[in-house]
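Dropping the structure here:
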């Protein structure tokens, strides 16, 4: 008799976005005249950069010719893309070897799959509020989860508590949904904690490309000693608009080692390689060529222009909130604006208010964890026109 | 203190293909004059079909334009591709709903990831010899594995043994590496066994497109009752040369339900959907459009022409072996030829013999399990010229 995984019953149904969609559809049907502005979803809207499209089409043509056709590639990614990333990291002072960079189909996949290499007895430390994938992927394995609270007091950047013992620590910086980003000094504390406790930090840097402040770290490996205690997950989804194209990368340093319960020391780089060669077959060749183009000088120029567009949207929204005296985080160094619901409204209450009074869709903060209650996420990914119209409505009606 | 997964220490290093490469490199260096023919690797060599390349380039162009750009797609795949597969299955008499078809980046990934939805206490039944991924992905979770032997007596098609209790059963048909394919009557027995024991069959149909014999099933869902006890994994890797393009699909019937250990009945379709939406973000849009083109009438014509090319290679190799009186399986309904090493040589002995005397590279059968010892795999994926040259050498020197 085959048994199914009991841990799945401990997962909460992810009603968040379906409930948002349901409410928007109902409102839309009742008010067909109202133009609804969507600042809810964390998905890009600008097209792929021209150099990226060109590289992809060229690669597709190669695949149609016997002499240049490519079959199975290395599961961990082609050398040309690994090398491009080694150079990219060098740009902010991080020295990597190509074999430390694993190309994947996205940070979400790796974020879930990396759980494979750890023992189920580990205690997992997860921020609240945060991207729900950290929680759910560990719940699927029945792991014990502890939360660390993001609050206005700590700027939604929880710091290590020496009294709390944790084995695997998720950090997301710039954070989804709060937009808050750790400083070097703060990450130094986390690295010290991890080293002292033999913990491993899973550092989600999916939004690093939004960082403008030169003082903020783009990678946890800018902190000394991080290579002995951290894995970094990153993605081209927001950096280059790859949400529908699917490419990310995970850095597992060669220096990172931990023991099994019976005391055998293993290299996490080798374990991840074994995991990926066994359960993954690499990213499409055409996508890896497209990703390579992102890291050319022209690719960087084109992609940075798109980021600047989103950042200006974020600035406009932030400006309006400031004028209204509404407390918010993010907006700079991040495509997210995390605001305190005015008049002590709860997250869903404010959702209804924004939708019904202003015709704006956002995401209730409570969907990202209990500490998100009373908070709300707006995104900078809409068009300039839509963002400006939203800002005008906020100014007038909030 | 973070612990790593102890089960990884139980994995054997996969020396097979690296040892093959090492031996070939050494021989090649010592005999630069010898033209080596590679019939070892299970990777396609013909380019993507023109309609596929065209669809991919068109989709890439769409991604470069704001109006047609696509961000996140549904994790389980776009409706247009699910519907194309529903029609494809209808072609061999299987009725599916679109929501039963999950698009993935390949059968290997799904084969590994599907382990997530099952309890670790299940007993896993795996054929020997077989594709090593079934074994390794379950060993990574510390599961108990039983083997069922493929032998010349059962035509390398092990059948259910009522005395052996198994919960999860892997079947691969046409089989990698033996090329042997189950008949409908044989699958009926497996379905009956699975239903009687509440087991779940994981049916790997990655080579279904090579089946020529109209009597052989293309899908386990051609067997009555299979929807209550089976999941089918399939891939475009060999069907359409997608080994470097990455697209597969997994069918999880809505009728398939099993209980957790505490007795709660769950739908495996819903569990897989939850797994995929949590740990996967879908296949690139451009790849899904390329895959859609495979299932158009023109796409089928072009892809079938490539399959016919490989099949003719297989026939030529089989013919030569037959003339030499060498026992083999596969060769029809499969791109693999599984032969008994002549003169009672062991697998690696025959590998050395073939390489050193004939300049032909194959794969030692012992690499696929202990019952593969004394057997050997040749593939039909080389060019016609190389295959004909190999056949001439086999005729002359074997």
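Residue numbers (this note's numbering), protein chains in the order written: chain B, 97 to 494; chain F, 97 to 494.
Cβ atoms here follow ideal geometry from the backbone N, Cα and C, with glycine treated the same way.
Everything numeric in this text was worked out from a predicted model, so none of it was measured.
Quiz item: Along the chain, where does the alpha helix (DSSP H) that runs through residue 413 of chain F open and close?
Solution: Indexing the second chain from 1 puts residue 413 of chain F at position 317. Note, residue 413 of chain F: alpha helix (DSSP H), 393-419.
Quiz item: Under 8 Å between the Cβ atoms of residue 73 of chain B and residue 325 of chain B?
Solution: No answer is possible for residue 73 of chain B: the residues shown for chain B start at 97 and end at 494.
Exercise. Measure from the C-beta of residue 376 of chain F to each C-beta in chain B and report whether the shortest distance is under 8 Å.
Key: Taking the second chain and counting its residues from 1, one reaches residue 376 of chain F at position 280. For residue 376 of chain F, the answer is yes, since a Cβ of chain B falls inside 8 Å of its Cβ.
Exercise. Have a look at the DSSP bridge pairing and note the partners of residue 353 of chain F.
Key: Locating residue 353 of chain F in the second chain gives position 257, where the first residue counts as 1. Paired residues: F/363.
Quiz prompt | Per-residue DSSP class, three states only, for residue 105 of chain F | solution = For the purposes of this step, residue 105 of chain F is taken as residue 9 along the second chain, with counting starting at 1. Helix, per DSSP.
Self-check item: Best match in F/249, F/253, F/220, F/296 for proximity to residue 240 of chain F [C-alpha to C-alpha]
Solution: The residue you call residue 240 of chain F lines up with position 144 of the second chain. Among F/249, F/253, F/220, F/296, the Cα nearest to that of residue 240 of chain F is on F/220.
Exercise. For chain F, find out if any of its Cβ atoms is closer than 8 Å to the Cβ of residue 157 of chain B; answer yes or no.
Key: As a first step, residue 157 of chain B must be located in the first chain, where it is residue number 61. Yes, because at least one Cβ of chain F sits closer than 8 Å to the Cβ of residue 157 of chain B.
Practice problem: Could you list the residues in the segment 282-297 of chain F with a C-beta less than 9 Å from some C-beta on chain B, going in chain order? | Solution: 290, 293, 294, 295, 296
Practice problem: Taking only beta-carbon positions, decide if residue 350 of chain F is within less than 8 Å of chain B. | Solution: Locating residue 350 of chain F in the second chain gives position 254, where the first residue counts as 1. Not one chain B Cβ lies under 8 Å of residue 350 of chain F.
Self-check item: Straight-line gap, residue 169 of chain F to residue 199 of chain F (C-alpha atoms, nearest Å)
Solution: The residue labelled residue 169 of chain F in the question sits at position 73 within the second chain. The residue labelled residue 199 of chain F in the question sits at position 103 within the second chain. Those two C-alpha atoms are separated by around 11 Å.
Quiz item: Near residue 444 of chain B, what residues of its chain come up, given a Cβ to Cβ distance below 8 Å and the 5 sequence neighbours on each side ignored?
Solution: In the first chain, counting from the first residue as 1, residue 444 of chain B sits at position 348. Hits under 8 Å: 460, 462.
Exercise. Assign residue 109 of chain F to one of two classes, buried (16 or more other C-beta atoms within 10 Å of its C-beta) or exposed (fewer than that).
Key: As a working note, residue 109 of chain F is residue 13 in the second chain. By the neighbour-count rule (16 or more Cβ atoms within 10 Å), residue 109 of chain F is not buried but exposed.
Exercise. Ignore the nearest five residues each way along the sequence and tell me which others in residue 232 of chain F's own chain have a CB closer than 7 Å to its CB.
Key: Residue 232 of chain F sits at position 136 when you count from the first residue of the second chain. If we look at residue 232 of chain F and ignore the five residues flanking it on each side, its Cβ neighbours are 107.
Quiz item: Can you find a CB in chain F that lies within less than 8 Å of the CB of residue 401 of chain B?
Solution: Taking the first chain and counting its residues from 1, the one referred to as residue 401 of chain B is at position 305. Not closer than 8 Å to any Cβ of chain F, the Cβ of residue 401 of chain B fails to qualify, so no.
Self-check item: Members of the segment 99-112 of chain B near chain D, C-beta cut-off 8 Å
Solution: Chain labels in this structure do not include chain D; the protein chains are B and F.
Quiz item: Relative to chain F, which residues along the segment 208-236 of chain B have a C-beta separation below 7 Å, given in chain order?
Solution: 208, 209, 212, 213, 214, 215, 217, 218, 229, 232, 233, 236
Practice problem: Using a Cβ-Cβ cut-off of 8 Å, state whether residue 205 of chain F counts as contacting chain B. | Solution: Counting from 1 along the second chain, the entry for residue 205 of chain F is found at position 109. Yes - at least one Cβ of chain B is within 8 Å of the one on residue 205 of chain F.
Quiz item: Can you list, in chain order, the residues of the segment 164-178 of chain B whose Cβ is nearer than 7 Å to any Cβ on chain F?
Solution: 165, 166, 167, 168, 169
Quiz item: Should residue 342 of chain F be flagged as near chain B, meaning a C-beta pair shorter than 8 Å?
Solution: Here residue 342 of chain F refers to the residue found at position 246 when the second chain is read from its first residue. By this cut-off, residue 342 of chain F is an interface position.
Practice problem: Tell me whether residue 147 of chain F sits in a helix, a strand or coil according to DSSP, three-state version. | Solution: To locate residue 147 of chain F, count along the second chain from 1; it is residue 51. Looking at residue 147 of chain F - three-state DSSP - the assignment turns out to be helix.
Quiz prompt | Cβ-based neighbour list, residue 256 of chain B, same chain, cut-off 7 Å, excluding 5 preceding and 5 following | solution = Taking the first residue of the first chain as position 1, residue 256 of chain B is located at position 160. So the qualifying residues of the chain are 285, 286, 289.
Self-check item: Given 8 Å, three or more beta-carbon pairs between the segment 420-434 of chain F and the segment 154-168 of chain F
Solution: no
Quiz item: By a C-beta neighbour count over all protein chains shown, 10 Å radius and 16 as the cutoff for buried, is residue 214 of chain B buried or exposed?
Solution: Position 118 of the first chain, counted from the start, is the residue given in the question as residue 214 of chain B. Result: buried.
Practice problem: Compare the beta carbon distance of residue 389 of chain F and residue 151 of chain F with 8 Å and say whether it is the shorter of the two. | Solution: Position 293 of the second chain holds residue 389 of chain F. Position 55 of the second chain holds residue 151 of chain F. The answer is yes: Cβ separation under 8 Å.
Self-check item: Distance between residue 292 of chain B and residue 349 of chain B (C-alpha atoms, nearest Å)
Solution: What you label residue 349 of chain B is simply residue 253 of the first chain in a count that begins at 1. What you label residue 292 of chain B is simply residue 196 of the first chain in a count that begins at 1. Rounded to whole angstroms, residue 349 of chain B to residue 292 of chain B spans 18 Å at the Cα level.
Quiz item: residue 131 of chain F: which of F/492, F/441, F/491, F/482 sits nearest, CA to CA?
Solution: Sequence index remark: in the second chain, residue 131 of chain F carries index 35 (1-based). With distances taken between Cα atoms, residue 131 of chain F lies closest to F/482.
Exercise. Using beta-carbon positions only, say whether residue 123 of chain F and residue 485 of chain F come within less than 8 Å of one another.
Key: Counting from 1 along the second chain, the entry for residue 123 of chain F is found at position 27. Counting from 1 along the second chain, the entry for residue 485 of chain F is found at position 389. Against a cut-off of 8 Å, the Cβ pair of residue 485 of chain F and residue 123 of chain F comes out as no contact.
Exercise. Below 6 Å CB to CB, which residues in the same chain sit around residue 138 of chain B once its five sequence neighbours on both sides are set aside?
Key: In the first chain, counting from the first residue as 1, residue 138 of chain B sits at position 42. Cβ within range, chain order: 475.
Practice problem: Say whether chain F places a C-beta atom closer than 8 Å to the C-beta of residue 358 of chain B. | Solution: The sequence position of residue 358 of chain B within the first chain is 262, counting from 1. Residue 358 of chain B counts as touching chain F.
Quiz item: Can you tell me the Cα-Cα spacing of residue 209 of chain B and residue 368 of chain B, whole angstroms?
Solution: Locating residue 209 of chain B in the first chain gives position 113, where the first residue counts as 1. Locating residue 368 of chain B in the first chain gives position 272, where the first residue counts as 1. Distance between the alpha carbons of residue 209 of chain B and residue 368 of chain B: 9 Å.
Practice problem: List the residues of chain B that residue 162 of chain F touches, going by C-beta distances under 9 Å, in chain order. | Solution: Along the second chain, one-based indexing puts residue 162 of chain F at 66. Here the neighbours are 141, 142, 143, 479.
Quiz item: Taking a cut of 7 Å between CB atoms, which residues from the segment 361-375 of chain F lie near chain B?
Solution: 362, 364, 367, 370, 374, 375
Quiz item: Rounded to whole angstroms, how far is the Cβ of residue 343 of chain F from the Cβ of residue 175 of chain F, which I believe are closer than 8 Å?
Solution: The residue labelled residue 343 of chain F in the question sits at position 247 within the second chain. The residue labelled residue 175 of chain F in the question sits at position 79 within the second chain. That belief does not hold up - the Cβ atoms of residue 343 of chain F and residue 175 of chain F are roughly 15 Å apart, past 8 Å.
Quiz item: So what's residue 130 of chain B in DSSP terms, helix, strand or just coil?
Solution: Stepping through the first chain from its first residue, residue 130 of chain B is reached at position 34. Coil.
Quiz item: The alpha helix (DSSP H) with residue 206 of chain F in it runs from where to where?
Solution: Residue 206 of chain F sits at position 110 when you count from the first residue of the second chain. 203-209 is the extent of the alpha helix (DSSP H) around residue 206 of chain F.
Quiz item: With 16 as the cutoff for other CB atoms within 10 Å, does residue 435 of chain F come out buried or exposed?
Solution: Here residue 435 of chain F refers to the residue found at position 339 when the second chain is read from its first residue. Buried, by the Cβ-count rule.
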